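Undergrad: In this note's numbering, the protein residues as written are 163 to 582.
Ideal Cβ positions, reconstructed from N, Cα and C, are used throughout, including at glycine.
Values in this document were obtained by computation on a predicted structure and should not be read as measured data.
(1) Residue 275 to residue 264, Cα distance in whole Å?
(2) Straight-line CA distance for residue 422 to residue 285?
(3) Leaving aside the five residues before and after residue 545 along the sequence, list all residues of the same chain whose C-beta is less than 8 Å from its C-beta, in chain order.
(4) Do three or more CB pairs link the region 315-332 to the region 441-448 at distances below 8 Å?
(5) Residue 413 lies in the alpha helix (DSSP H); which residues open and close that run?
(6) Hey, does residue 498 have any beta-carbon neighbour from chain B nearer than 8 Å?
(7) Apart from the five residues just before and just after residue 492, which ones in its own chain have a Cβ nearer than 7 Å to its Cβ?
(8) Excluding the 5 residues preceding and the 5 following residue 541 in the sequence, name in chain order all residues of the same chain whose CB lies nearer than 7 Å to its CB.
(9) The alpha helix (DSSP H) that contains residue 286, what's its start and end?
(10) Going by C-alpha distance, which of 568, 539 and 417 is nearest residue 553?
(11) Hey, how far is the Cα of residue 292 from the Cα of residue 547?
(12) Could you compute how far the alpha carbon of residue 346 sits from the alpha carbon of residue 287?
(13) With the cut-off set at 8 Å, would you say residue 392 and residue 438 are in Cβ contact?
(14) For residue 319, which residues in the same chain have their Cβ closer than 8 Å to its Cβ, ignoring the five residues on either side in sequence?
(15) Rounded C-beta distance between residue 255 and residue 289? I'm assuming under 8 Å.
(16) Would you call residue 267 buried or exposed, if buried means 16 or more other Cβ atoms sit within 10 Å of its Cβ?
(17) Short check: CB of residue 330 to CB of residue 485, under 8 Å?
(18) For residue 365 and residue 559, what's the separation of their Cα atoms in angstroms?
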């Protein structure tokens with residue numbers, strides 16, 4: 163990949179970067195610009211079925227009544243399927259994960275492997291990112307007297323990188339199990355949630371068990387910096403969930419607070435795992451930070467679109483209940499943007515979203531606002547920052563490296579255009 167292409171792309175989004183810059187080591191309340199000049203007419207709400215307000219923009223994914231933002235895509239010949247590229251390796255990782263969660267107590271084993279079974283393991287988005295990043299950061303190993311030493315080193319390095327993918331997925335699934343208990347969820351990935359099927363106690367224990375397995379694998383890497391990064395990500399998961407549970411009225415209406423919480427709950431694990439891959443590969447601090455920036459911005463974009471889908475998706479496409487966040491009293495970016503346009507919406511939110519009338523009123527305001535569109539635009543900005551991080555990596559002519567880098571950029575497009 164020509165390094166000038168990366169410089170060119172960076173210059174094209176400089177203004178975006180200055181508006182959206184929100185680094186992990188910055189102040190939690192560092193200001194982000196969320197304004198958007200985009201305006202489009204919204205369709206009025208409709209009453210149907212005589213009992214519930216249904217909004218046209220909810221039933222049609224990403225419909226906001228106007229033209230959608232256009233995102234820069236690589237040429238067709240440059241596009242690759244990120245998941246197909248690592249499909250064989252993902253199977254190896256999946257099989258290893260299933261073997262790692264075996265427990266002495268059959269009931270615990272059954273609970274721990276619940277979301278690792280064939281058909282319900284999801285798209286394995288995070289392991290895909292980690293494995294692609296591992297290849298994208300490949301370094302040339304100078305050949306010693308024996309090429310066998312090079313092969314052994316490469317194999318050992320790849321196994322360690324696969325371990326990061328496995329650790330990340332175990333931590334992620336553990337967080338899902340705990341979140342479902344806290345949210346009293348009854349579905350996940352299109353099937354009954356573990357707490358719904360086996361009860362809250364076993365679901366919590368299964369999550370704890372997965373975290374313990376992740377810790378054992380992490381310790382085996384014998385890299386204190388990587389251990390620190392992943393441990394920080396786990397701490398962030400807990401912090402983010404606590405922030406979501408205990409918000410004040412002021413915090414609930416703050417976009418900065420929302421983005422900080424989103425980083426903790428979603429982006430920290432991906433970003434710190436990507437940085438861990440760079441460290442294991444022996445990359446420089448600068449390259450490790452680019453890997454971190456990619457994971458952070460990809461994670462933020464992913465969650466922003468998730469928040470859009472909570473309003474525009476359906477239960478069947480999401481694998482969980484639509485409108486679940488607002489029914490749990492959780493205020494996300496679309497509502498926050500709607501509050502900027504309609505300050506009176508804040509009064510509705512402050513009255514409490516545990517009241518169905520307030521929920522319906524909030525949805526009416528959202529339908530009249532540009533909240534959905536502006537959230538998509540913010541997701542697109544973070545996706546552009548993630549792509550720019552990959553374009554800024556040191557030049558490498560290796561075909562596999564270039565293909566993986568294109569796949570990582572393709573993932574940013576898929577994240578912001580997904581419908582489930």
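TA: Put simply:
(1) 7 Å
(2) 26 Å
(3) 233, 459, 460, 463, 574, 575, 577 and 578
(4) yes
(5) 411-414
(6) No chain B appears in this structure, which consists of one protein chain only.
(7) 406
(8) 463, 466, 467 and 578
(9) Careful: residue 286 lies outside any alpha helix (DSSP H) and carries neither H nor E.
(10) 568
(11) 18 Å
(12) 24 Å
(13) yes
(14) 442 and 443
(15) 5 Å
(16) exposed
(17) no
(18) 47 Å
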